[in-house]
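Residue numbers (our numbering): 1 to 142.
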């Protein structure tokens, strides 16, 4: 059990289906997952096993065909588009094995890009970006 920590992400019997011609493909089949506050997770598996499909659902870019996705106790399927945008911009983050940085920008400037889109004033974004870089061990690259 979680020793009192609250669940942040809950998937209950999640399935994702796609039609390929006349065939129904189950990209995800009965996924149950609970991620508690403070947890870090990795999603691993061979090509074609559903990792990207799962991440698209977790990232609120796609909806399950079947099942339930609760994010901080809220049913994601009931959220409006603007609420989903807020969730993607302020509540979720992914770290990918391969990353795409803007080569012309410094480390801090790359971190500032999403802050710009979140409407964080320039007067605040630099300090936030520097702090975030230090938190993930990039302080020596500033």
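Glycine included, C-beta positions come from ideal geometry on N, C-alpha and C.
From a predicted model like this one, the values you see are computed outputs, not experimental measurements.
As assigned by DSSP and simplified to three states, the class of residue i
i	result
residue 101	coil
residue 79	coil
residue 84	helix
residue 30	strand
residue 74	strand
The alpha helix (DSSP H) enclosing residue i, as first and last residue numbers
i	result
residue 53	51-58
residue 132	122-135
residue 71	First-last for residue 71: 66-71, but that is the beta strand (DSSP E), not the alpha helix (DSSP H).
residue 114	107-117
Rounded distance between the beta-carbons of residue j and residue i, thought under 8 Å
i	j	result
residue 38	residue 12	At roughly 21 Å, the Cβ-Cβ gap does not stay under 8 Å, so residue 38 and residue 12 are not in contact.
residue 115	residue 130	Not confirmed; about 12 Å, so no contact.
residue 15	residue 64	6 Å
residue 126	residue 108	7 Å
Residue i, buried or exposed, once every other Cβ within 10 Å from all chains shown has been counted against 16
i	result
residue 49	exposed
residue 34	exposed
residue 76	buried
residue 136	exposed
residue 69	buried
residue 90	exposed
residue 43	exposed
residue 112	buried
residue 57	buried
residue 54	buried
residue 47	exposed
N-terminal and C-terminal residue of the beta strand (DSSP E) that residue i is part of
i	result
residue 13	7-20
residue 37	No beta strand (DSSP E) holds residue 37; DSSP gives it neither H nor E.
Touch test, the stretch 72-84 against the stretch 26-34, Cβ-Cβ under 8 Å, three pairs minimum: In short, these stretches do not touch, since the Cβ pair count stays below three.
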